[in-house]
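Peer 1: This is the structure, below, for whatever I ask next.
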Amino acid sequence: MKNISTGILLFIASYSAFADMVTLAQIDVNNDGKISKLEAAKDTELKKNFSELDKNRDGYLSRVELAG
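Residues -19 to -1, 1 to 49 in mature numbering (1 follows the signal peptide of the UniProt record, and there is no 0) are what the sequence shown spells out, letter by letter.
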C-alpha cells in the first residue's frame, strides 16, 4: 500500500510540474526561461499577481518564483 501511495504522489507531482512547464512554455513567447510583464499580460491571473510573484523585483517571473 505504501508503494502505491508513493507512486500516486510522484505521479501527481510530475503531472503538476509538467503542467507548469506547459504553461510557462505557452506564455514565455521569446523562450528566455522567464516571463516578462508584457508576456504575463496575456494571462489574467499572472497579470493581476505579477508584482506579488516577482519576489526579487527584477521585472521577470522565473520558474522558482512561479513555483512559489
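Heads up, the beta-carbon is just placed ideally off N, CA and C, and yes, glycines get one too.
Being a predicted model, the structure only gives us computed values, none of them experimental.
(1) My output table needs one value for Ser32: the three-state DSSP class, helix, strand or coil.
(2) Kindly indicate which residue of Gly14, Phe31, Lys15 has the alpha-carbon position closest to the one of Ala22.
(3) Which residues in the same chain have their Cβ closer than 7 angstroms to the Cβ of Glu20, if we skip the five residues on either side of it in sequence?
(4) Got a sec? Which residues, its chain only, sit under 8 angstroms from Glu46 by beta carbon, not counting five neighbours each side?
(5) Which value, in whole angstroms, describes the spacing of the CA atoms of Ala6 and Tyr41?
(6) Ordered along the chain, which non-local residues of its own chain (more than five positions away) have a Cβ less than 7 angstroms from that of Asn12?
Peer 2: So, from the listed chains and residues:
(1) helix
(2) Phe31
(3) Ile8, Asp9, Val10
(4) Leu34, Asp35, Lys36, Asn37
(5) 15 angstroms
(6) none
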